[in-house]
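Here is the structure we will look at, set down as C-alpha cells.
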DNA sequence: ATTACATATGAATATATGCTCATATGAAGA
DNA sequence: TCTTCATATGAGCATATATTCATATGTAAT
C-alpha cells in the first residue's frame, strides 16, 4: 500500500481516542468507574470501598469530571457522583468481559 | 450499598484491563494498530507512513507483541506485522467511531 | 460567628512512559 | 567469511502520571 492510500486518522481524533483510553488505563480509575457503574456514590464512600485516601479519590474524580465521564449532584455537604458516559462504560465492560474469558 | 455488597473486580482482572487500555492509550500505538488493522506491514513501512524512527516503531511493536496484540511472519530479512487481537481492534474502532461522532 | 464535616486543590515526590542514540542480532548474498 | 539490509535492544533522558501531605473551600448546624 502506498503512503497516500491509507485511511488516516486526523490527529484530533487520535488525541481524543488517546484521552478516552488514558482515562481507562489506570487501575484506580477502572475501579472508580466500575463502582459508579453499579451505584451513585459519594466521595468518602468511594474512598472507603476502594481503600484509598479521600484526596487520591478526589483528584481522580476531578480528572474524570474534566473528561465528562462522571457527573455529580449535591445533597447538603455531600456530593454524589455517577457515570456520565455510557459509551465509555460500555468499552470498560467489554474489556472486563474479554479479560474474564481470557 | 454496603462495602460487602459490591460486585468487585479481582485485582488480576483490573490489572489485565489496565494493560489493555494502556496499550490503546498512546497516540503512536493507536496509529500503529489502526494501520495494521488495514494491512499487514513491515517495520520500515510503518516508520515511513507514520513518520517516526525505526527504533521507536520497533520498541512499540515489542510492547504490542508482549501483549499479544500483534503477531508477525518473516519473509527473508523482513518481518510483516499484523493484528492478533480482534477484540482489542474492536474496542479501538468503537472509540474512533465515538470520537468521530462527538 | 464558630465549629464540624465533606470535598477540592496545590506542591512535592516517586514512578512510569516514550523517545533518541548507539549498538547488537540475524538473514541473505557476494 | 564479509557486507549489507531489516529489525531489535539497552542506556539515558525528558516528560507524564498518581499519590501524599498540607491546606483551602464551602455547606450546615449551633
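Residue numbers (my numbering), protein chains in the order written: chain A, 446 to 547; chain B, 446 to 547. Every residue gets a Cβ at the ideal spot worked out from N, C-alpha and C, and that includes glycine.
Can you list, in chain order, the residues of its chain with a C-beta nearer than 7 Å to that of residue 524 of chain B? Leave out the 5 residues immediately preceding and following it. 487, 488 and 517
Residue 407 of chain B - containing beta strand (DSSP E), residue span: With chain B covering only 446 through 547, there is no way to say anything about residue 407 of chain B.
In chain A, what lies closer than 9 Å to residue 539 of chain B by C-beta? 532, 535, 536 and 539
From residue 495 of chain B to residue 472 of chain A, what distance separates their C-alpha atoms? 30 Å
Is it true that the CB of residue 526 of chain B sits closer than 9 Å to the CB of residue 454 of chain B? No, the Cβ-Cβ distance between residue 454 of chain B and residue 526 of chain B is not below 9 Å.
Interface residues of chain B around residue 543 of chain A at Cβ under 7 Å? At a C-beta separation below 7 Å, residue 543 of chain A has these neighbours in chain B: 532.
What in chain A is Cβ-close to residue 479 of chain B, meaning under 8 Å? 454
From A:476, A:491, A:492 and A:510, residue whose alpha carbon lies closest to that of residue 538 of chain A: A:476
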